[in-house]
Amino acid sequence: MSPRITLHLAMGIALCLLSPSCAEQPKAGLKQQKLIITGASTIAPLVSELGKRFEKQHPGTRIDVHTGGSARGLTDARQGLAHIGMVSEALTEEEQKGMQVFLIGRDGISIIVHADNPLDKIVSKQVVAVYTGKTKNWKDLGGKDAPITLVHKAEGRSTLTLFLHYFGIDNKAVKADVVVGDDQQGIKTVAGNPNTIGYVSIGSTEQSIQQGVKVKLLTLDGVKATSAAVADNSFPWQRSLNLVTKGQPTELTKQFIDFVQAQENYDIFRKENFVPAKR
């Protein structure tokens, strides 16, 4: 190939690369944009589904979602280990320092038992008695004669913090039989033992029940534990679902957060049994 032809070819390639029509074409070796999101296991399935839709609409973008608890989400975002943190509770003033908080939805927490458990409802004082060891047998709650197996949440989980605060329980008073991390682990543990009791996200539990998992939500203090009751604010034990960033989010991060908050994606919230922030 002559030097002149080589020069013309190089100029043609350069002009193409500067052309919008040429730039829109996928190029071999194009660096993929990626967002790393970590934190609350409650929010993770919702954000994962939203991420899949975002990826389809934004080719070349990858949304990586990892769990580990709200504390991890906040810490990772603050330390720059994640672009976005997922936090399934309201942040304190101290936690908000240097952070941007984006409310995306609401969820409820309630007590769950095995689907075969005859108990359908419970009141707060009974929950306190069970988790502080004063009530140890299901027969004392109107169930069968069997010891109660306590499923409790691990440190760093927002559900644990909210549970202790809502019922006014000192964590040192709880002698758990099983300590779990994420909601799905808690749900599977209760589904695997007819004598267990636990507390998890209403939305996550409803999703599992729809998939045939053998658990049920107990009516709490006379109010049925449903996402519909969360939506109309009749269920008392609620929490906010948030995404957090360190300072103002960068372009791609802000684009994804706006996408999550957009009403046209509320169908995913409903599918995952969560209540969007602006309904």
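The numbering of the sequence shown is this note's numbering, which starts it at 1104 and goes up by one.
Note that beta-carbon positions come from the ideal geometry of N, C-alpha and C, so glycine has one too.
- At a Cβ-Cβ threshold of 8 Å, I1225 and N1298 do not count as neighbours.
- Excluding five sequence positions before and after F1266, the CB atoms of its chain that fall closer than 6 Å to its own CB belong to Y1302, given in chain order.
- Counting only unbroken stretches of 4 or more residues, the alpha helix (DSSP H) elements lying wholly within the region 1142-1222 are 1147-1160, 1173-1182, 1196-1199, in sequence order.
- In terms of Cβ geometry, I1360 and E1152 do not form a close pair [threshold 8 Å].
- Shown here, G1306 sits in a helix according to DSSP, grouped into three states.
- Around the beta carbon of G1201, a 10 Å sphere encloses fewer than 16 other beta carbons of the protein chains shown; the residue is thus reported as exposed.
- Runs of beta strand (DSSP E) with 3 or more residues, each lying fully within the region 1300-1357, are found at 1318-1320, 1341-1349, listed in chain order.
- Here A1147 is buried. Its C-beta has 16 or more other C-beta atoms within 10 Å.
- The residues G1201, M1202, Q1203, in chain order, have a CB closer than 8 Å to that of G1350 in the same chain once the five nearest residues on each side in sequence are set aside.
- Under the DSSP assignment, L1253 falls in the beta strand (DSSP E) whose first and last residues are 1252-1256.
- By the neighbour-count criterion, in which a residue is buried when 16 or more other Cβ atoms sit within 10 angstroms of its Cβ, E1197 is exposed.
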